[in-house]
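Residue numbers (the working numbering): 0 to 274. Where is the CB? At the ideal position from N, CA and C, for every residue including glycine.
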């Protein structure tokens, strides 16, 4: 049994500030340890239920937060920036299930710690088929394309709620309660890891009940930016149409192509973000 883990950072228990998850900050090393322990807890739990092969895609910021030698289960680690499929790099139809690890709420979510949608300095909102979508909903486009079920999601309560739309049967483990964008009530890391391990075991054992995300087609994907210049720049990508001063619509009959368009738009507009 082969599992794919897309690992973010903000949804880790004990994480509530950017300084904990940005390379070069004094608190970053502690954050890395917390994240690594949660990833390993999930791998260990999946092994208990029979999973045998793991690919971990480090998906946060510069995407070099995890060290290969620290991962359990002899996991393969995909690491580094500028990956064509970004948070879903390495996924294909050969996988039995997907785990979204340490994910977080969308940019407009209420009481979601460190909430954002891909780029907090550029994106104000993303909607897929009229529904507000966070990173789990956007990344589900790739899962649906390859026909692989999302079987496990971890993070705060908002993360679990947003994932319900695209993975209703997935095992969802809440490791903290967000009190605001920069405050959370965190489970003790040991307790969090125990819950994550048990949740991963249940997810793998219930794999037969999981189905790939069902996304109504044709898909409408709208991105609203913070400023109009970003919407203007997004028009450089073929298939992007401006539908408002700050809003563009992305169109493609292929879900993977649609996701690639979104990633390209995100990468382009990053150039206009004030540093």
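Whose CA, out of the options, lies closest to the CA of residue i?
| i | options | result |
| --- | --- | --- |
| residue 262 | 155, 178 and 237 | 237 |
| residue 128 | 173, 250 and 18 | 250 |
| residue 34 | 52, 57, 24 and 48 | 57 |
| residue 40 | 193, 144 and 16 | 193 |
| residue 82 | 62, 98, 71 and 69 | 62 |
| residue 96 | 52, 66 and 232 | 52 |
| residue 122 | 141, 26 and 134 | 134 |
| residue 4 | 28, 75, 66 and 26 | 75 |
| residue 98 | 178, 131 and 159 | 159 |
| residue 214 | 143, 72, 231 and 25 | 143 |
| residue 130 | 28, 219, 183 and 27 | 219 |
| residue 23 | 14, 15, 64 and 0 | 64 |
| residue 151 | 184, 84 and 42 | 42 |
| residue 217 | 182, 203, 257 and 32 | 257 |
| residue 2 | 172, 94 and 107 | 94 |
| residue 201 | 172, 187, 28 and 188 | 172 |
| residue 275 | 177, 136, 9 and 189 | The requested residue 275 is not part of the displayed model; the chain covers only 0 to 274. |
Run the CB neighbour count on residue i, radius 10 Å, all protein chains shown included, and call it buried at 16 or more, exposed below.
| i | result |
| --- | --- |
| residue 175 | buried |
| residue 92 | exposed |
| residue 59 | buried |
| residue 224 | buried |
| residue 244 | exposed |
| residue 166 | buried |
| residue 275 | Past the edges of the chain, shown from 0 to 274, lies residue 275, and the structure says nothing about it. |
| residue 88 | buried |
| residue 155 | buried |
| residue 161 | buried |
| residue 259 | buried |
| residue 234 | exposed |
| residue 212 | buried |
| residue 199 | buried |
| residue 274 | Interpretation of residue 274 is limited by its pLDDT of 46, a score under 50 that renders its predicted location unreliable; the figure taken from the coordinates is listed afterwards. Result: exposed. |
| residue 270 | exposed |
| residue 186 | buried |
Would residue i and residue j qualify as a contact pair, given that the criterion is a beta-carbon distance under 9 Å?
| i | j | result |
| --- | --- | --- |
| residue 6 | residue 55 | yes |
| residue 170 | residue 100 | no |
| residue 124 | residue 157 | no |
| residue 30 | residue 46 | no |
| residue 153 | residue 221 | no |
| residue 254 | residue 70 | no |
| residue 49 | residue 197 | no |
| residue 168 | residue 205 | yes |
| residue 105 | residue 180 | no |
| residue 120 | residue 247 | no |
| residue 148 | residue 209 | yes |
How would you write the range of the alpha helix (DSSP H) that residue i sits in, first residue to last?
| i | result |
| --- | --- |
| residue 261 | 254-268 |
| residue 160 | 156-162 |
| residue 141 | 134-145 |
What are the boundary residues of the beta strand (DSSP E) that residue i is part of?
| i | result |
| --- | --- |
| residue 178 | 170-179 |
Of all Cβ atoms in chain D, is any one closer than 9 Å to the Cβ of residue i?
| i | result |
| --- | --- |
| residue 92 | Here there is only one protein chain, and chain D is not present. |
Going along the chain, which unbroken runs of the alpha helix (DSSP H) with 4 or more residues stay wholly within the segment 3-86?
Residue ranges of uninterrupted alpha helix (DSSP H) with 4 or more members, entirely inside the segment 3-86 and ordered along the chain, are 27-47.
Let me know the beta strand (DSSP E) ranges lying completely inside the segment 184-249, each 3 residues or longer, listed in chain order.
Segments of the beta strand (DSSP E) lying fully in the segment 184-249: 220-224, 239-241 and 246-249.
Beta strand (DSSP E) segments (min. 3 residues) lying fully within the segment 77-131:
The segment 77-131 contains, as complete beta strand (DSSP E) runs of 3+ residues, the segments 96-100 and 122-127 (chain order).
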